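*Asks:* Can you keep this structure in mind? I'll have questions shortly.
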Amino acid sequence: MLVRLADVLDECLRAVSGFQGTEDLSDDKMVDVPFTSDCIRMKKVSSAPSYELEYKDHDVVNSEECESGIKQWCEAMEKHMPLILGHSSAMVRAASVTCFAGMTSSVFISFTKEKQDFILSSSVHAAVHDNASSVRSAACRAIGVISCFPQVCQSAEVLEKFIYAVEINTRDALISVRITASWALANICDAIRHCVRILHFGQMDSNSNPQFIISLSECALRLTEDGDKVKSNAVRALGYISQIFNCSTSRSQEASVHNLNQRTEAPLTSENPLTCQRRCLLDSLEDFHRLEKIVQAFISCITTGNVKVQWNVCHALGNLFLNETLRLQDMDWYLCPPPSAANVCSEIKM
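So in my numbering, the last one in the sequence shown is 351, and the numbering has no gaps at all.
Here it is as structure tokens:
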């Protein structure tokens, strides 16, 4: 009975919030994504907010509908959520966390910081600490939605918690949990890409990539070896990462590291300037080799994955070529592109 009531509450909150989306993460349809270059598509996406082209007319939210949605959400969080989130039944807990996946950005931003923190902490706690796989999966779905909110994806602290929670669930024994976790991972990568390129959030112009980018890429690379339903999301995540990944290093710098090692016989202490230079070069080379792994993953997935995986690989390659730091003349894989990629991309009808 409580499960049904939680489901009804979820549907009601989605209606008053203006949420538009679907719940099917398991089908093989082409999954749309929240962000698309400088504009947003109006297509529905699986359990994610509905973004639209940013016309001025859309900046004005219907005040009555917004107030109604906020009021209903506040009442739900004050009277109902604390009880059903801690219910003994896993089905009730999963249904309650699913409510967060039906929230919209306009409603979330209107909440007080206390209520926002409640939503964020509840989602992360359920994803990390709940023993029921259905609850963890629902929490990952909620994280995948909330991470797309601009006010959330600009918080490094929140993103760190989200990444940790999702990464844990990408290792779950159940494929259903890994599918949702990988979907959330791809959404987080998309949100970061959007913030970096559109909102100019964060410093991505240094010689090396931030640790969270490295962590996300390593997680996504691991998931490309999973089943197709996980692999398709992993490829999507790698595509977003590759667009903002720092690629300013080439193979010629391997010789620079070797020469640098030969230039001095003095101890390479932390205070030695040559140590700092060598460390920077090594970090850059690691990034270069990591990019090669990403490209190799694309090639592998496009030859072994299903149509949905191949579709996402084509989009991922498009994102890669939008990387402004990429020097194609230094890339062996660009000089000899895999025939499989060209064949698949030419066969897919847009």
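Glycine included, C-beta positions come from ideal geometry on N, C-alpha and C. As the structure is a prediction and not an experimental result, all values here were calculated from the model.
#1: For Gly87, which option in Glu68, Thr105, Asn132 and Ile110 has the closest C-alpha, if you only look at C-alpha atoms?
#2: If you drop the 5 nearest sequence neighbours on each side, which residues of the same chain put their C-beta closer than 7 Å to that of Val159?
#3: By DSSP, does Ala133 sit in helix, in strand, or in coil?
#4: Please list, in chain order, all residues of the same chain as Ile295 whose beta carbon is under 6 Å from its beta carbon, the five residues on each side excluded.
#5: Quick check: what's the CA-CA separation for Ser253 versus Phe299?
#6: Let me check understanding here. Comparing Cα to Cα, which of Gln117, Leu318 and Arg94 lies closest to Glu293?
#7: For the candidate residues Arg142, Thr105 and Asn313, whose alpha-carbon lies nearest to that of Lys232?
#8: Using the beta-carbon count (16 or more within 10 Å), is Thr99 buried or exposed?
#9: Taking a contact to mean a Cβ-Cβ separation below 7 Å, would you say Ala432 touches Cys141 in this structure?
#10: Let's test the definition: count the other Cβ atoms within 10 Å of the Cβ of Ala256 and tell me whether it reaches 16, buried, or not, exposed.
#11: Whose C-alpha, out of Ala128, Phe109 and Ile147, is nearest the C-alpha of Gln73?
#12: Within its chain, find whatever has a CB closer than 6 Å to the CB of His81; leave out the 5 residues flanking it on each side and keep chain order.
#13: Less than 6 Å between C-beta atoms, sequence neighbours within five positions excluded: which residues of the same chain meet that for Ala192?
#14: Please report the residue range of the alpha helix (DSSP H) in which Arg194 lies.
#15: How long is the line joining the alpha carbons of Glu161 and Phe213, rounded to whole angstroms?
#16: When burial is assigned at 16 or more other CB atoms within 10 Å of the CB, is Arg137 buried or exposed?
#17: Classify Ser89 as buried or exposed, calling it buried when 16 or more other Cβ atoms lie within 10 Å of its own Cβ.
#18: Give every residue of the same chain whose Cβ lies closer than 7 Å to the Cβ of Thr181, excluding the five residues on either side of it in the sequence, and list them in chain order.
#19: In whole angstroms, what is the alpha-carbon distance linking Cys75 and Ile199?
#20: What would DSSP say about Met78, mapped onto helix, strand or coil?
#21: What do you get for Ile85, buried or exposed, if any count of 16 or more other CB atoms within 10 angstroms of its CB means buried?
#22: Given this structure, state the Cα-to-Cα distance separating Glu287 from Ile215, to the nearest angstrom.
#23: Once you ignore the five residues that flank Ser124 on each side, which residues in its own chain have a CB closer than 6 Å to its CB?
#24: In whole angstroms, what separates the C-alpha of Lys248 from that of Ser301?
#25: Mind checking which residues open and close the alpha helix (DSSP H) that includes Pro151?
#26: Drop a sphere of 10 angstroms on the beta-carbon of Tyr241, count the other beta-carbons inside from all chains shown, and report buried for 16 or more, exposed for fewer.
*Replies:* Taking the coordinates as given:
#1: The residue labelled residue 87 in the question sits at position 86 within the sequence shown. Closest by alpha carbon: Asn132.
#2: To locate residue 159, count along the sequence shown from 1; it is residue 158. Taken in chain order, the residues that qualify are Leu121 and Val153.
#3: Numbered from its first residue, the sequence shown carries residue 133 at position 132. Three-state result, Ala133: coil.
#4: On the sequence shown, residue 295 is found 294 positions in, with the first residue counted as 1. Leu239 and Ser243.
#5: Within the sequence shown, the letter at position 252 stands for residue 253. Within the sequence shown, the letter at position 298 stands for residue 299. Note that Ser253 scores 48 on pLDDT, short of 50, meaning its location in the model is unreliable and no value can be drawn from it.
#6: Within the sequence shown, residue 293 is the residue found at index 292, counting from 1. Closest by alpha carbon: Leu318.
#7: Mapped onto the sequence shown, residue 232 falls at position 231. Out of Arg142, Thr105 and Asn313, Asn313 has the C-alpha closest to the C-alpha of Lys232.
#8: On the sequence shown, position 98 is the one that residue 99 refers to. Buried, by the Cβ-count rule.
#9: Not covered by the structure: residue 432. The range shown for the chain is 2 to 351.
#10: Within the sequence shown, numbered from 1, the residue matching residue 256 stands at position 255. Any reading at Ala256 is ruled out, since the residue's pLDDT is 47, under 50, leaving its predicted position unreliable.
#11: For the purposes of this step, residue 73 is taken as residue 72 along the sequence shown, with counting starting at 1. Of Ala128, Phe109 and Ile147, the residue nearest in Cα terms is Phe109.
#12: Start at 1 with the first residue of the sequence shown, and residue 81 comes out as number 80. Result list for His81: empty, nothing under 6 Å.
#13: As a working mapping, residue 192 is identified with position 191 in the sequence shown. So the list reads Ser148, Cys149 and Cys154, once near-sequence residues are dropped.
#14: As a first step, residue 194 must be located in the sequence shown, where it is residue number 193. Run containing Arg194: Ile176 to Arg198, per the alpha helix (DSSP H) assignment.
#15: Mapped onto the sequence shown, residue 161 falls at position 160. Mapped onto the sequence shown, residue 213 falls at position 212. Taking the straight line joining both Cα atoms gives about 8 Å.
#16: The count along the sequence shown starts at 1 and reaches residue 137 at position 136. Flag for Arg137 reads buried.
#17: As a first step, residue 89 must be located in the sequence shown, where it is residue number 88. The residue is exposed, with fewer than 16 neighbouring Cβ atoms inside 10 Å.
#18: On the sequence shown, position 180 is the one that residue 181 refers to. Cβ within range, chain order: Leu26, Ser138, Cys141 and Arg142.
#19: Within the sequence shown, the letter at position 74 stands for residue 75. Within the sequence shown, the letter at position 198 stands for residue 199. Approximately 31 Å between the Cα atoms of the pair.
#20: The sequence position of residue 78 within the sequence shown is 77, counting from 1. Met78 falls in the helix class under three-state DSSP.
#21: The sequence position of residue 85 within the sequence shown is 84, counting from 1. Counting Cβ neighbours within 10 Å, Ile85 comes out buried, since at least 16 surround it.
#22: In the sequence shown, the residue the question calls residue 287 occupies position 286. In the sequence shown, the residue the question calls residue 215 occupies position 214. C-alpha separation (whole angstroms): 10 Å.
#23: To locate residue 124, count along the sequence shown from 1; it is residue 123. Contacts found: Phe101, Ala140, Ala143 and Ile144.
#24: As a working note, residue 248 is residue 247 in the sequence shown. As a working note, residue 301 is residue 300 in the sequence shown. Looking at the sequence shown, residue 248 is not Lys but Cys. Answer to the nearest angstrom: the Cα atoms are 21 Å apart.
#25: Mapped onto the sequence shown, residue 151 falls at position 150. Pro151 to Cys154 is the extent of the alpha helix (DSSP H) around Pro151.
#26: Against the sequence shown, residue 241 aligns to sequence position 240. Result: buried.
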